[in-house]
Structures are given as C-alpha cells and as structure tokens.
Amino acid sequence: MPELPEVETVRQGLAKWVAGRRIASVEVRHPRAVRRHLLGADHFADALAGRMVVDVCRRGKYLWLPLDSGDAVLGHLGMSGQLLMQPATVADEAHLRVRFTFDDGGPQLRFVDQRTFGGLSYSEGGAELPAEIAHIARDPMDPLFSDAEFVAALRRKRTEVKRALLDQTLISGVGNIYADEALWRAQLHWARATDALTKPAVGRLLGHVRDVLSEALVAGGTSFDALYVNVNGESGYFDRSLNAYGREGEPCPRCGTPMRREPFMNRSSFSCPRCQPRPRRGISPASRSGVGRGRPGCSSTDDSLASEPDNRDLTLRGSPRWASDR
DNA sequence: CCTGCCGCCTGCGCGC
DNA sequence: TGCGCGCAGGCGGCAG
534 MPELPEVETV RQGLAKWVAG RRIASVEVRH PRAVRRHLLG ADHFADALAG
584 RMVVDVCRRG KYLWLPLDSG DAVLGHLGMS GQLLMQPATV ADEAHLRVRF
634 TFDDGGPQLR FVDQRTFGGL SYSEGGAELP AEIAHIARDP MDPLFSDAEF
684 VAALRRKRTE VKRALLDQTL ISGVGNIYAD EALWRAQLHW ARATDALTKP
734 AVGRLLGHVR DVLSEALVAG GTSFDALYVN VNGESGYFDR SLNAYGREGE
784 PCPRCGTPMR REPFMNRSSF SCPRCQPRPR RGISPASRSG VGRGRPGCSS
834 TDDSLASEPD NRDLTLRGSP RWASDR
C-alpha cells in the first residue's frame, strides 16, 4: 500500500532514471491501466511518442512526469502498482500493464500492477500541476503546507479524526497504515470527533503524522538508487517499526495491553484499548459552519529532495525541513 | 455543500 | 488436494 514515503521513494528513483530522456514508444498492455484517459489507449500512446520527460513530481500519492510539451503523464500506484526500470532484455512481468521505451535504447519504464487499482493518464497542460489532482492538498512535508490551515480545516469537519487524516483534500499522503501509527503516537482513538479536538491536540497529531512519514521515508529510501525501483508498500523496510498497524493481539509497545482491531470503512483500524480509549461521544449530529476553500498550488516536491548521483543518505541532503523539525 | 458508503480488482491464506 | 471466501485498500462517484 504505497503511501507518501513509498511514492516519494519511487519519485526519487524515477527522476534519476527518466529525467531528460525522450520517449520512443509506449505500449499499453492492458486497457484498464489507462482507463482514466478518456481518449483511449491509442491516443495515450500516440501523444507520448517523441516527447521528452523533464522531471518526476509528486502530489500526495500521485506522481506525474512533466513533458517538454507542457503536458504530463499522470499516475497513481493504487495498492499494488509499481514503476520499474528494466533493461529490454528482462522478461515481461506477469502483470505488466504499460511499457515506455526511450530513444536512447536504455532501460524501459514499466508500469506493473496486479490489482489494477492504479493507472496512468495523459494530462494536457499538466506539467506544472495536472488539473485532475488540483483538489489534492499538499502533504505535511511540503514547505508550503500550512499547519494552521490544516488545524483549522480539520476542526471545522464534522467527522471522525481518522477519516480526516485519510481525506486527501485536507492533508495528502496519509493512508491507513500511517494514520493508525500517528493516532497511536498521539494516543487518540480513530473515532474521536474532529470538532471536539483542541488546537494543541491537532497540532500534536500533525507532528506525529510528520514524524511517522519522515521516519518511513528514510527507511524506504535505503535502496532507491537501485535500477529496480520497487514500490510494493507491503515489502517496505518500515514494517518492523510499526507500533499499531497489523498488530492485533500483540502487546502495545507503550503499555503492554493487547492491541485491538476494529472494523473501519470496510477495512481495519488498529489501536491500543488503554492508550487510545474509545470516545464517549460520537460525531455531533448537525451544526453547520463556514465553507472551506481549496486553492490551487504548484508542484510540491521538485526541490526539497532533489536526487543526486550518490545519495544514500538522503536524510541529510539539503536538510529537509522535517529532518530537524522535532 | 457536506458526509459517508459503494464498487472497482486480484492474490493470498485460511477453513472445511 | 481443492475450492470458496474474506481480506487487503485508495479513490471517484454518488446518494442522502
């Protein structure tokens, strides 16, 4: 399940391998992989042939490849998507969906996706920020992310706190795993009402979200200079550092109480019954407040994690804000 | 306008 | 041994 750390790891690896290369041809092996592209697979392939990839950018869990035409290839990994660099001599993967070849004859870019929840599309004029994802909020690592705005927006919501963390229009990049981890660190139950949380409590939660994401990013980045850019979230290096997710019945690392698993949105939420007590009251019924306005923005992460030829220790390069922030 | 639920997919592991 | 079923889950669409 690629969330921000996994997608960012892929972005860094990809940028190093495809930026500045010209696409020779694109082969769509499975139409569902480009279902978001309404003009069809043929148009998708034709529009990309001859274009040069300028960079690789990310917004939340979306990636896009700005092209020299001012357009972009927009992609989402879904749950099982991978973007792999492979020499042409390597046999096709079982779930290869789209293949990009380059005019330099170097490694191919392959979109591989078992469950096909992910996909690619062609975004006209989307080099700066594809219109399709303009509604996605910035992520908490983004220098332009506003803590105060997030705190206010979350507290305006009439919902459960975990739903808010997963709401990509409020804060992007957080999925089920890191939401549970941040809530565990903040000692908040997932069903806590957003409008009943104090500003300091939301601020602390945000700090934990940031910590968890940055720690996982460091762990996921350990091998990103390999040719094979693995994106399968399940095989991440951060697994052993999880305190809550997937640990039903195991002792809470903080107090030793067996962790519980509860149904949540047709999936699961993991928490500690003692550290994260269930809220007494649920979501307040009705009462309306002001509107929230999303505003447009530019590309989020093309600078702070610039990839360099040899950067195993990405934690220290360019001293990203979150490395020293707490 | 806002919230919450559904459906999309496929592989894996479990129970019978 | 084989089969069916539950589960994993991000996100767009839509109902209420």
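Residue 534 is where the first sequence starts when you use this note's numbering, and the numbers rise one by one after that. Glycine included, every Cβ here is placed at the ideal spot set by N, Cα and C. The structure presented is a predicted model; accordingly, all values stated were derived computationally and were not measured.
Span separating the alpha-carbon of residue i from that of residue j
i	j	result
W597	V645	16 Å
P676	E682	13 Å
C590	H576	23 Å
E536	D637	32 Å
W723	L739	14 Å
A621	F633	10 Å
M585	A697	38 Å
G573	A580	11 Å
Y655	E665	10 Å
P564	R630	8 Å
E641	S602	It should be pointed out that residue 641 corresponds to Gln in this sequence rather than to Glu. When rounded, the distance between both Cα atoms is 21 Å.
S747	A726	26 Å
V735	P810	17 Å
C805	H741	16 Å
G583	L703	37 Å
R544	G779	27 Å
C785	P791	6 Å
G553	L547	11 Å
W550	A752	21 Å
L730	G608	35 Å
P796	A578	42 Å
D700	A566	24 Å
Counterpart residues of residue i in DSSP-defined beta bridges
i	result
V559	F633
V645	Q615 and L629
A726	E693
L784	Going by the sequence as given, residue 784 is Pro instead of Leu. DSSP output for P784 lists P791 as bridge partner(s).
Three-state class that DSSP yields for residue i in the structure shown
i	result
Y655	strand
A734	helix
R794	strand
A624	coil
R862	The shown model of the chain, from 534 to 859, leaves out residue 862, and the question about it has no answer.
L775	coil
A749	helix
G638	coil
R743	helix
Contact belief for residue i with residue j at Cβ below 8 Å, rounded distance in angstroms
i	j	result
D672	G789	Rounded, the Cβ-Cβ distance is 34 Å, inconsistent with contact.
E781	R800	Between R800 and E781 the Cβ distance is about 13 Å, and since that is not below 8 Å, they are no contact.
L662	K695	In fact, because the Cβ distance is near 27 Å, the residues do not count as touching under 8 Å.
G651	G706	That pair is no contact at about 16 Å.
E714	V745	5 Å
L617	R648	Contact doesn't hold; Cβ gap of about 16 Å is too wide.
F635	I556	6 Å
A719	R737	6 Å
A660	P733	No, A660 and P733 are not in contact; Cβ-Cβ is about 40 Å, not under 8 Å.
Exercise. For the stretch 662-720, which segments carrying the alpha helix (DSSP H) assignment without a break, of at least 4 residues, lie completely within its bounds, in sequence order?
Worked result: Here the runs fully enclosed are 680-689, 694-699 and 709-719.
For this session: Pick out the complete beta strand (DSSP E) segments inside the stretch 536-618, 3 residues or longer, and give them in chain order.
Result: 556-561, 590-592, 595-599 and 605-609
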